[in-house]
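Q:
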Amino acid sequence: MELVETVEELNNSLRKHRNSIIGLVPTMGYLHEGHLSLVKKAKKECDFIVMSIFVNPLQFGPNEDLDRYPRDLERDFDLARQAGVNVLYHPNVKEMYPSEPLITTKVSNKISNVLCGKYRESHFDGVTTVVAKLFNQTKPDRAYFGQKDAQQLAIITQMVKDLSFQVTVVPCETVREEDGLALSSRNVYLSEEEREQAPILSQILNEVRDGLIPRKWNTPDEINQYVRERISTKPLAKLQYIETLEYPNLQATTSLYDKQIIVALAAYFGKTRLIDNILFSAEGESHVPNDDEIQIASSHRNRS
Ligand code: PAF
Numbered sequence: 139m140e141l142v143e144t145v146e147e148l149n150n151s152l153r154k155h156r157n158s159i160i161g162l163v164p165t166m167g168y169l170h171e172g173h174l175s176l177v178k179k180a181k182k183e184c185d186f187i188v189m190s191i192f193v194n195p196l197q198f199g200p201n202e203d204l205d206r207y208p209r210d211l212e213r214d215f216d217l218a219r220q221a222g223v224n225v226l227y228h229p230n231v232k233e234m235y236p237s238e239p240l241i242t243t244k245v246s247n248k249i250s251n252v253l254c255g256k257y258r259e260s261h262f263d264g265v266t267t268v269v270a271k272l273f274n275q276t277k278p279d280r281a282y283f284g285q286k287d288a289q290q291l292a293i294i295t296q297m298v299k300d301l302s303f304q305v306t307v308v309p310c311e312t313v314r315e316e317d318g319l320a321l322s323s324r325n326v327y328l329s330e331e332e333r334e335q336a337p338i339l340s341q342i343l344n345e346v347r348d349g350l351i352p353r354k355w356n357t358p359d360e361i362n363q364y365v366r367e368r369i370s371t372k373p374l375a376k377l378q379y380i381e382t383l384e385y386p387n388l389q390a391t392t393s394l395y396d397k398q399i400i401v402a403l404a405a406y407f408g409k410t411r412l413i414d415n416i417l418f419s420a421e422g423e424s425h426v427p428n429d430d431e432i433q434i435a436s437s438h439r440n441r442s
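The numbering used here numbers the first residue of the sequence shown as 139 and each following residue consecutively.
#1: Using only alpha-carbon positions, find the residue among 334, 419, 228, 252 that is nearest to residue 396.
#2: At which residues does the alpha helix (DSSP H) containing residue 254 begin and terminate?
#3: Quick check: what's the CA-CA separation for residue 282 versus residue 162?
#4: Would the C-beta of residue 414 count as close to the ligand PAF, meaning under 7 Å from any of its heavy atoms?
#5: Which same chain residues, not among the five before or five after residue 415, have their C-beta less than 6 Å away from its C-beta?
#6: Using the Cα positions of residue 280 and residue 273, report the straight-line distance between them to the nearest angstrom.
#7: What separation, rounded to the nearest whole angstrom, lies between the Cα atoms of residue 141 and residue 179?
#8: Mind checking whether the beta-carbon of residue 410 lies closer than 7 Å to any heavy atom of the ligand PAF?
#9: Excluding the five sequence neighbours on either side, which residues of its own chain have a C-beta within less than 6 Å of the C-beta of residue 190, listed in chain order?
#10: Just confirm the distance between the C-beta atoms of residue 166 and residue 219, as a whole number of angstroms; I'd bet it's less than 8 Å.
#11: Is residue 197 close to the ligand PAF? I mean its beta-carbon at under 7 Å from any heavy atom of the ligand.
#12: How about residue 165: is its Cβ closer than 7 Å to a heavy atom in the ligand PAF?
#13: Kindly confirm or deny that the segment 372 to 386 and the segment 326 to 338 touch, where touching means at least three C-beta pairs closer than 8 Å.
#14: Measure the Cβ-Cβ separation of residue 160 and residue 169 and say whether it is below 8 Å.
#15: How big is the Cα-Cα spacing for residue 351 and residue 381?
#16: Report the three-state DSSP secondary structure of residue 192 (helix, strand or coil).
#17: Please return the same chain residues whose Cβ sits closer than 8 Å to the Cβ of residue 257, not counting the five positions on each side in sequence.
#18: Would you call the segment 204 to 215 and the segment 240 to 250 in contact, with 3 or more CB pairs under 8 Å?
#19: Compare the Cα-Cα distances from residue 145 to each of 232, 244, 211, 275 and report the closest residue.
#20: Sort out for me which residues DSSP pairs residue 380 with in a bridge.
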């Protein structure tokens, strides 16, 4: 695996591979199994994998954790190499933003004024700006994003459509600890007690899903109210938001069973903000199927 730090080095490495299928896995580093699952999926579908590691200042608010965001390039280098990444692209801030950017992307309030976007002003403008730059710098055929950041995934998919990027955005299932906690680089901030209580988020979302399957819930409000009550039983959890919306257009909905919906939440455990979500559609697509499920489904199809 090659480590490159400039756009020029990246271009030199990619020049010989332009006839191959190039997969991009954009990250902010401090890699965990969730990132590595993106690489695993990319390796099945692409010939050459670029992983970027860049903690993007543009997507952090003034009171957010930019300075203390965990970083460990040496460890990331080993993990990326073992996972089969071909080029690790690690630009510094000066390389990514040689001068103060005067032109950036702007995400419409229609999709940024809900969920995380409502509480993180201009966060998604920062995310789309850096992802647009990464797309232009790498020119990948396919780019891999986790479903855990469901609003980010929806917005990037929309950006690709609206700005005509020639890339396929590939959604990837959320990877979880055994007790259900969604993997996140921020989980390292949790104290022992907070870590013990954090799996409540996925437990509640599973309970919501269990209610959706037999159509127990009648309205989004009923779901949101249930989540509020359940989470209030954990003294260390402070719910920031719970929303049940249509997905991927992130619009309010009154019905739960005729479209795909997302039930998404953010909660603080101490200073640590965690997010999680489930997707559900009554058609049976309640989540992004994992590779095993895809294989099982296709072997069923082959048999019938
Ligand atoms: O999901 C992330 O880690 C970041 O938002 C991304 C997509 C790498 C852009 O900085």
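All C-beta atoms, glycine included, are put in the ideal place defined by N, C-alpha and C. Computed from a predicted structure; not experimentally measured.
A: On the basis of the data shown:
#1: 419
#2: 253 to 257
#3: 6 Å
#4: no
#5: 288, 400, 402
#6: 10 Å
#7: 21 Å
#8: no
#9: 164, 227, 272
#10: Their Cβ separation, rounded to whole angstroms, is 18 Å, which puts residue 166 and residue 219 out of contact at 8 Å.
#11: yes
#12: yes
#13: yes
#14: no
#15: 18 Å
#16: coil
#17: 378, 379, 404
#18: no
#19: 275
#20: 403
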